[in-house]
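Here is the structure we will look at.
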Amino acid sequence: MNTRVNVVSLGDWNQEKENRATKNDLMKYYSLLSFSELINEVSELTTQISNLKEEEKSELIMKSELVLNEFVNRSKENPEMKDQILMMKSLLQKNIELL
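Next up, the structure:
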């Protein structure tokens, strides 16, 4: 009988826990932003893409996906902003694809 065991170093485990805490904090932060602040966040993330190093890409992808999720949540609450939300969503998705 073969048993497969995944070995994770303590450093990797701590980093994963830290990443989850950071992601939760960012989700809360983005949910508190106004619509115009979310748009500014999209602009900031777009600007950062051109200056990225390889190791920074995964963090920026995570942030972009969180902002994207917040736009999706807001679109349910703000149907009158649908066109603007779709535009920002499209821009974020293109940014993620570029990474």
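Going by my numbering, the letters in the sequence shown line up with residues 2 to 100, in that order.
We put the beta carbon where it would ideally sit given N, CA and C, even for glycine.
The structure displayed is predicted, hence computed values, not measured ones.
- For E66 versus I97, is the C-beta spacing smaller than 8 Å? Result yes, Cβ atoms of E66 and I97 sit closer than 8 Å.
- Item | Neighbourhood of E71 by C-beta distance below 7 Å, restricted to the same chain and skipping five residues each side | Y31, S32, L39
- Query: Are the stretch 79-88 and the stretch 45-62 in contact at 8 Å, needing three or more beta carbon pairs?
  - Reply: no
- Could you tell me the distance, in whole angstroms, from the CA atom of P80 to the CA atom of R21? 31 Å
- Could you tell me whether the Cβ atoms of K64 and L27 are closer together than 8 Å? yes
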